[in-house]
Amino acid sequence: MEAVLPFDPQNFSAGLSLDSQSLTAKDHNRHILRVGFPSAAFENEYSLGETLFTNTTLQGAINSIISSEQIDAVFIHLDQLTAAIQPLKSLAKAQAIPLIVYSSKYDQLCRDRALKNGVDDYFYGSITAAYLKRLDFIHKLKNYKNARGNKPYVKQAMDDAPKIKLWALKRTFDILVSGTALLFLSPIMLLVALAIKLESKGPVFYISKRAGSGYKIFNFYKFRSMRIGADAELAKLAHLNQYGEQSTDGSVFFKLKNDPRVSKLGQILRDTSLDELPQLINVLKGDMSLVGNRPLPLYEAEKLTKDQIAWRFLAPAGITGLWQVTKRGKDNMSEEERIQLDMEYAMNNSFLYDMKIFIGTFPALIQKQRV
1 MEAVLPFDPQ NFSAGLSLDS QSLTAKDHNR HILRVGFPSA AFENEYSLGE
51 TLFTNTTLQG AINSIISSEQ IDAVFIHLDQ LTAAIQPLKS LAKAQAIPLI
101 VYSSKYDQLC RDRALKNGVD DYFYGSITAA YLKRLDFIHK LKNYKNARGN
151 KPYVKQAMDD APKIKLWALK RTFDILVSGT ALLFLSPIML LVALAIKLES
201 KGPVFYISKR AGSGYKIFNF YKFRSMRIGA DAELAKLAHL NQYGEQSTDG
251 SVFFKLKNDP RVSKLGQILR DTSLDELPQL INVLKGDMSL VGNRPLPLYE
301 AEKLTKDQIA WRFLAPAGIT GLWQVTKRGK DNMSEEERIQ LDMEYAMNNS
351 FLYDMKIFIG TFPALIQKQR V
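Under the UniProt record's numbering, the first residue of the sequence shown carries the number 1, and numbering increases by one thereafter.
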């Protein structure tokens with residue numbers, strides 16, 4: 001985790017001049033403005049890694065963007081959600097700058113009010129390195145819309161895409177199925193957990209950070225199928241990546257056909273897909289859906305820098321999806337094919353389409369090809 005460095009409030013003021021901001025921002029790779037934060041929050045202004053956070057006023061933020069400063073995001077305090085932010089919204093949209101409404105604690109009314117006012121996101125609590133990655137996604141998405149949105153067919157697709165989020169019918173299905181499955185499968189899950197503990201020391205669950213719908217970062221659960229410290233061996237095994245020859249500038253995806261890090265029990269869990277059962281907890285929590293695009297490890301998600309990022313992450317993250325079902329019937333699949341399937345699902349999603357994929361998952365599970 002990146003260290004949170006102390007911030008000296010003596011170097012800044014709410015009426016910070018543009019020249020002072022520019023001089024200070026030179027030492028950082030990312031500059032984020034905080035608009036309308038109360039004086040009590042001023043003492044908490046800080047640098048996070050190479051990101052500078054600067055308190056300013058609404059007019060100060062507008063002036064900073066107009067003067068072509070490097071502004072990578074603007075956080076607005078809830079109290080600033082008035083008609084006066086319209087000029088800032090217009091500038092942020094034109095320059096693909098993420099506009100985020102912030103509150104110290106989660107507030108559903110605040111969230112609803114923020115999204116109703118057309119900002120890009122609502123955030124609460126401490127700003128972390130993981131959320132900074134989400135800001136990068138929002139910037140790329142807005143930039144993509146600006147570059148391609150003037151084409152009628154693209155604009156229509158972008159307008160339609162957000163509708164695939166977890167609406168009532170899909171979410172109800174997810175809760176009913178995942179809850180029922182956890183209830184009936186709990187004895188099997190307990191036996192698997194016991195077997196893992198008997199085979200080797202270490203945790204029962206493998207928990208990793210994944211990027212899901214809208215590049216939201218969440219804890220992803222699986223039964224541990226590898227030996228302890230397996231993640232540290234990724235660099236040593238890069239030459240074995242089955243996607244390695246698909247890209248000249250480094251593959252987006254990483255997968256080993258016969259991963260040497262997998263334990264004997266872990267191989268059985270993978271062959272039977274039992275290692276995936278804890279993801280039902282993610283579904284019940286709302287992190288994922290039963291059907292969707294596979295949530296990516298952060299090191300993979302960060303490499304999706306082309307047009308596909310604007311489409312793929314608009315879809316829900318899921319346990320199974322179009323790629324998984326298709327992959328099980330095919331020995332090899334290129335990186336481009338996998339991305340194309342993710343985008344196809346994102347733009348053609350419907351509840352009936354989900355049911356088709358969900359039902360198709362069961363015969364796919366008995367095939368020998370492992371996903």
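All C-beta atoms, glycine included, are put in the ideal place defined by N, C-alpha and C.
Using the Cβ count rule (16 or more neighbours within 10 Å means buried), how would you classify A83?
exposed
Beta-carbon within less than 6 Å of A114's beta-carbon, same chain only, minus the 5 sequence neighbours each way: which residues are those?
V101 and Y122
| task | Go through the segment 54 to 101 residue by residue and report every complete run of the alpha helix (DSSP H) that reaches 4 residues or more, in order. | result | 58 to 66 and 86 to 94
Quiz item: Is the CB-CB distance between D72 and R30 below 7 Å?
Solution: yes
key: D107 (DSSP reduced to helix, strand or coil)   = The three-state secondary structure of D107, taken from DSSP, is coil.
Who are the Cβ neighbours of P295 in its own chain at under 7 Å, not counting the five residues just before and after it? Hits under 7 Å: R210, A211, G212, F220, M288 and A317.
**Request:** Quick one: using the 10 Å Cβ neighbour count with 16 as the cut-off for buried, is Y206 buried or exposed?
**Result:** buried
Compare the C-alpha of F358 against each of S126, T51 and I319 and name the closest. I319
Practice task
Please report the Cβ distance between K170 and D342, rounded to the nearest whole angstrom; I am assuming they are in contact, meaning their Cβ atoms lie under 8 Å.
Solution key: About 18 Å; that fails the 8 Å criterion.
### Message
With H, G and I counted as helix, E and B as strand and the rest as coil, what does DSSP make of D271?
### Response
helix
Quiz item: In terms of residue numbering, what span does the alpha helix (DSSP H) encompassing V192 cover?
Solution: Per DSSP, V192 belongs to the alpha helix (DSSP H) from A168 to E199.
What are the start and end residues of the alpha helix (DSSP H) that includes K285?
From DSSP, the alpha helix (DSSP H) with K285 extends over Q279 to K285.
Inset, instruction - Could you tell me how far apart the beta carbons of S350 and D275 are, in whole angstroms, since I believe they sit closer than 8 Å? - result: Contact between S350 and D275 is ruled out by a C-beta separation of about 29 Å, above the 8 Å threshold.
What residue from V283, I65, F75 and I85 has the CA that sits closest to A94's CA?
Considering only alpha carbons, the answer is I65.
| When you compare only the Cα positions, how much space is there between K197 and Q267? | 15 Å
May I ask you to report which of helix, strand or coil DSSP gives Y215?
helix
Identify the continuous alpha helix (DSSP H) that holds L298 and give its terminal residues. L298 to A301
Discussion item. DSSP three-state label for M355, please.
Written reply: Looking at M355 - three-state DSSP - the assignment turns out to be helix.
The beta strand (DSSP E) enclosing S289, as first and last residue numbers: For S289, the enclosing beta strand (DSSP E) starts and ends at S289 to V291.
* To do: Look at the alpha carbon of L191 and the alpha carbon of V204, and state the distance between them as a whole number of angstroms.
  => Using only the alpha carbons, I get a separation of about 11 Å.
*Compare the C-alpha of A129 against each of S178, G179, L48 and S104 and name the closest.*
Residue L48 is the option with its Cα nearest to A129.
According to DSSP, which residues form a beta bridge with G318?
S289
Within the same chain, show all residues whose beta-carbon is closer than 6 Å to that of H139, passing over the 5 residues directly before and after it, in chain order. The answer, listed in chain order, is A96 and P98.
Note to self: Based on DSSP bridge pairs, tell me the residues matched to D112.
What the structure shows: The partner list for D112 (beta bridge, DSSP) is empty, contrary to what the question assumes.
For V177, the nearest candidate out of F75, L58 and L277 (CA to CA):
L277
Please return the same chain residues whose Cβ sits closer than 6 Å to the Cβ of P363, not counting the five positions on each side in sequence. none
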